[in-house]
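Trainee: Counting the sequence shown from 1 gives a position; our numbering is that position plus 40.
Where is the CB? At the ideal position from N, CA and C, for every residue including glycine.
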Amino acid sequence: MIRAFAFLASLTLLTACGETRMDEAPEDLGTFNMRVGYIYTEKALQWPLSRKSEGSEWNAALQNALDTRLRRYEGTQDYDVAITLEGFLLAPPGIPILVSPKSVAVVNVFVYDVAKKKYLVKKQQMEIFESTTGESALLGSGHSRTKEEQIAGLSLNIVDAVEEMMAEQHLENGWFDVRPDGIEDLRPDGVEVDPAAPS
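Structure follows, in C-alpha cells:
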C-alpha cells in the first residue's frame, strides 16, 4: 500500500505545473491600449460539487488581474475588453490524489475595436483550469488552498489565457496592427461602448 501511494504521488508531482505569475513578461500586442476593461459575474453558475461561492466574490480578483495584465500595454489605439464569468467549480476538499478535482471556470471574452466600432471577437468561450503545484497536485487544491486563493488563481489564469489569445491573433491575423490613415480613435466624445452588452 505504501509503495502504491508513493508511486501515485510521484506521478502526480511529475504532472504538476508551475503557477502563473502576475508579473510575467508582456506579450507582443502591437498598438493595443485597453480603454475600458469590463467584468461581469452576475449570471455565473456554481456547478455541482463546487465550494459555495457567489459570482460577486470573483469581481475584485478578475478586475485586478485584467487591469494589472492589460493596462501595462500603452499602445496608440484603443480597445475595450470584457470577460463574463459563465460558470465555475471551486474544488472542495477530497481524498488526496484519488479524488481531488481541479478548480475550473468557463468565461466568454469580447474584444471591441473602438475606432472601427466593431468586434474583433464576440463571446469567445474559454475553459480555464487552475494551476497545479506539487502540493495541490498531491493533496488537491481543496485542501491546500482557500476559496479566495482558488478564485485569485483562476482569475489570473483566465486573464493570462485572454492575453495569450490576443497575442496569437495579433501575430496570425493582424489584430492591433497600425490602422490605415483616416481611421482615428474616438476618444474626444468620451462615449464608452460596453462590448458585452446585449445587442
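Can you check DSSP and say which residues form a bridge with S199?
Mentor: With the sequence shown as reference, residue 199 is identified as Val, and Ser is not the correct amino acid for it. Answer is none; V199 lacks a bridge partner.
Trainee: If you reduce the DSSP assignment to three classes, tell me which class L194 lands in.
Mentor: Looking at L194 - three-state DSSP - the assignment turns out to be helix.
Trainee: Grab the span of the alpha helix (DSSP H) containing R109 for me, first residue to last.
Mentor: Here the alpha helix (DSSP H) through R109 covers 99 to 110.
Trainee: If you follow the beta strand (DSSP E) that M62 is in, where does it begin and where does it stop?
Mentor: Run containing M62: none; DSSP gives neither H nor E here.
Trainee: Pull up the CB-CB distance for T124 and N104, whole angstroms please, since I reckon it's below 8 Å.
Mentor: The Cβ separation is near 17 Å, so there is no contact.
Trainee: On the CB-based measure, 16 or more other CB atoms within 10 Å of its CB, does I198 come out buried or exposed?
Mentor: Under this definition I198 is a buried residue.
Trainee: Put S176 into one of helix, strand or coil per three-state DSSP.
Mentor: Any answer about S176 is weak, because its pLDDT of 45 lies below 50 and its placement is not dependable; what the coordinates show is given next. In this structure, S176 counts as helix in the three-state DSSP scheme.
Trainee: Does the pairing of the region 104 to 121 with the region 164 to 172 give three or more beta-carbon distances under 8 Å?
Mentor: The answer is no - the region 164 to 172 does not touch the region 104 to 121, with fewer than three Cβ pairs under 8 Å.
Trainee: Taking 9 Å as the threshold (C-beta atoms), are G95 and A84 in contact?
Mentor: It is a contact, given that the beta carbons lie within the stated cut-off.
Trainee: How would you write the range of the beta strand (DSSP E) that T124 sits in, first residue to last?
Mentor: Start and end: 117 to 129.
Trainee: Alpha carbons only, please: which of P141, T172, G193, L196 is nearest the one belonging to E89?
Mentor: What sits at residue 89 in the sequence shown is Leu, not Glu. Out of P141, T172, G193, L196, P141 has the C-alpha closest to the C-alpha of L89.
Trainee: Select from P132, V121, T60, K92 the residue whose C-alpha is nearest the C-alpha of L106.
Mentor: Residue V121 is the option with its Cα nearest to L106.
Trainee: Please identify the residue among A201, D234, R219 whose C-alpha is closest to the C-alpha of E67.
Mentor: Ranking A201, D234, R219 by Cα distance to E67 puts A201 first.
Trainee: What are the boundary residues of the beta strand (DSSP E) that K142 is part of?
Mentor: No beta strand (DSSP E) contains K142, which DSSP labels as neither H nor E.
Trainee: Measure the alpha-carbon distance for E59 versus F216 and round it to whole angstroms.
Mentor: About 28 Å.
Trainee: Whole-angstrom Cβ separation of V154 and R75, contact assumed at under 8 Å?
Mentor: With a Cβ gap of about 6 Å, V154 and R75 count as contacting.
Trainee: Looking at the secondary structure, which residues open and close the beta strand (DSSP E) in which V242 lies?
Mentor: It is not possible to answer for residue 242, since the shown part of the chain is limited to 41 through 239.
Trainee: Out of S195, T108, F72, R185, which has the shortest C-alpha to C-alpha gap to D63?
Mentor: It is T108.
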